[in-house]
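Encoded as structure tokens, the structure appears first; notes follow it.
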Amino acid sequence: MSQTASGVRWTIQDVAALPDNEWIHYEIIDGELFVTRSPHHKHQQVTGRIFAVLDNWSLESGLGEASIMPGLIFSDSDNVAPDVAWVSYERLAQIQDEAGHFRGAPELVVEVLSLGKANEDRDRLAKLKLYSVQGVQEYWIVDRIAQRIEVYRRDNAQLKQVTTLLVDDVITSPLLPNFVCELARLFVSRS
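Position one of the sequence shown corresponds to residue 2 (my numbering), numbered consecutively onward.
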């Protein structure tokens, strides 16, 4: 849900002044404040599985690190926390600040869609544009309900959709040598 009044531009200082609430999540994109509540349990489950497969691959390859909801502070008016990000060790040394936030783009960003048009629009439109402008190399939009992943890759200085993978497919990435994951593994549910 967007909370911006016409003409108001939010900054990270404005958000820092808001009351702390572990059930509320704030993000700023181009000065617009987005306020969301804690995501559905199944959203968190899929997020955790994506992190786990990226983390395991990272430990085996020694090429980088996966993070859950890292703070990406691109500017005073662009501050988001994607569900999962992966960054190479080389890039990590360039973008991580002393507080552990990323002040530049990780190579891979993953967003798991939350229910609702406003949430989907934020991830499919506003964040896609932000990640494209900031230099993210690859962006996965994960739809846990439809059990699919849309993959966007950098082409001519912008992120463009290259494929949509379904539950019976596997996902690979030129950023992650020898990384292979069956999508069914990410979406399995016993309830």
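Backbone N, C-alpha and C fix where the C-beta goes; we use that ideal spot for every residue, glycine too.
As the structure is a prediction and not an experimental result, all values here were calculated from the model.
Only residues of its own chain outside the window of five on either side were considered, and among them V168, F188 have a CB closer than 6 Å to the CB of Q148, listed in chain order. When Cβ pairs closer than 8 Å are counted between the two stretches, the stretch 76-93 is seen to touch the stretch 7-15, the count reaching three or more.
Less than 8 Å separates the beta-carbon of L114 from that of I142.
With a cutoff of 8 Å on beta-carbon distance, E112 and K128 are scored as near each other. Here DSSP, grouped into helix, strand and coil, assigns G65 to strand. Annotation: the stretch 99-160 contains the following complete segments of the alpha helix (DSSP H) (minimum length 4 residues), in chain order: 118-122, 128-135.
For D79, the enclosing beta strand (DSSP E) stretches over residues 79-81. Taking a contact to require three or more Cβ pairs closer than 8 Å, the stretch 130-146 and the stretch 170-189 qualify as touching. Under the DSSP definition of a beta bridge, E183 partners with V171. In terms of CA proximity to D144, Q45 leads the group Q45, N22, A18. Counting only runs of 4 or more residues that sit fully inside the stretch 2-60, the alpha helix (DSSP H) segments are 13-17, in chain order. Counting along the chain, L93 sits inside the alpha helix (DSSP H) bounded by residues 90-96.
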